[in-house]
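Visitor:
Residue numbers (this note's numbering): 3 to 390.
What follows is the structure, given as structure tokens:
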């Protein structure tokens, strides 16, 4: 049996380790736990706290057997694209089950919310609201939440884990993937970690305030040692501001009518205007921000502009994945038939088919940019998977 987890581990924490431990305890030692890990830039449009190989090593230390990459630009996409791409990889490598956390821990309840969200009743009312300027200014996500509560008298999926959980269910149905969904209820308050495990968001905030010591005790000791060593080598907590000049210049030279993913509703034009006077990405975001756009939406648009990612790139099926880490059990899974190209090391990219190599070129550019965000030296072309 192969159980897939789609994750970011940004950073890996005790809650993630608990999920892997629970799956191992529930489904036995013979089950292979495969993690499909966001590689370079995250759903929030930010560089991950550590390079993919380092986070993959931490995943193996926490009990995973095999770690494959969810490549850019899919890793830096909204929940719907992130989930669909991850499900495609999980199905292509022959996984039997997709396991994920949720706030409610109930597949039937999540399926009910999903069907309501996809139903004509809600869709028609949302479309009507979005035609009104005062609601259009709120942004589609907020309008969906408002309409859901009006129709059903309760909150829909607004917490991060439930949003992703519903998108996983939607992706399984729409792709026809033969994956059995399995959800584990998240313990404690999402933001604070009170009564359970601290979230990755809380750990990133703690790191920004107190440094690497903020992570001690919040993740398995082996993972902490891996991340602490990465920080010592300058391979931790990259700064997106190191790309500010490239981002600002790229915006200024980009045609406002260009087909850039997630740039609709006038966002690209707004960012181009802001770029004319901004001196940093933080300043650019502040100048462009409105109630209509979240910081994550702005950050994703900036990345897609920088790397010329269009809607067609996001809509395309995932053609390849990269091996990041594996133990003996994971290597057995790799030896089985699969329907996706697996890049075992970056230097072997020329063995990919044309379609897969075209996707990898986006990853290559993004990873070079990521390296520039770090204080230490990181050459992804010389990286090899972590094998145990």
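All residues carry an ideal CB built from backbone N, CA and C; glycine is no exception.
This structure is a prediction, so every number in the text was calculated from the model and none was measured.
(1) Fully enclosed by the region 146-232, which alpha helix (DSSP H) runs are 4 residues long or longer?
(2) Tell me whether residue 314 is buried or exposed, calling it buried when 16 or more other Cβ atoms sit within 10 Å of its Cβ.
(3) Would residue 15 pass as a contact of residue 199 if the rule is Cβ separation under 8 Å?
(4) Which whole-angstrom value describes the C-beta separation of residue 22 and residue 66, a residue pair presumed to lie in contact below a C-beta threshold of 8 Å?
(5) Throw me the rounded Cβ distance for the residue 104 and residue 77 pair, which I believe falls under 8 Å.
(6) Classify residue 28 as helix, strand or coil using the three-state DSSP reduction.
(7) Residue 340 and residue 96 look like a contact to me (Cβ under 8 Å); what is the Cβ gap, rounded to whole Å?
(8) Does the separation of the CB atoms of residue 153 and residue 142 fall below 8 Å?
(9) Exposed or buried, what is residue 156 when buried is set at 16 or more other beta-carbons lying within 10 Å of its beta-carbon?
(10) For the region 249-268 and the region 301-315, state whether three or more C-beta atom pairs, one from each stretch, are separated by less than 8 Å.
(11) How would you write the range of the beta strand (DSSP E) that residue 350 sits in, first residue to last?
(12) For a minimum of 3 consecutive residues, which ranges assigned as the beta strand (DSSP E) are wholly contained in the region 46-88?
(13) Going by C-alpha to C-alpha distance, which of 271, 109 and 263 sits closest to residue 166?
(14) Any contact between the region 326-337 and the region 283-296? By contact I mean 3 or more CB pairs, one from each, below 8 Å.
(15) Reducing DSSP to helix, strand and coil, say where residue 11 ends up.
(16) CA-CA distance, residue 309 and residue 111?
Guide: In short:
(1) 162-177 and 202-212
(2) exposed
(3) yes
(4) 6 Å
(5) Residue 104 to residue 77, Cβ: 21 Å. No contact.
(6) helix
(7) 6 Å
(8) no
(9) exposed
(10) yes
(11) No beta strand (DSSP E) holds residue 350; DSSP gives it neither H nor E.
(12) 68-72
(13) 109
(14) no
(15) coil
(16) 39 Å
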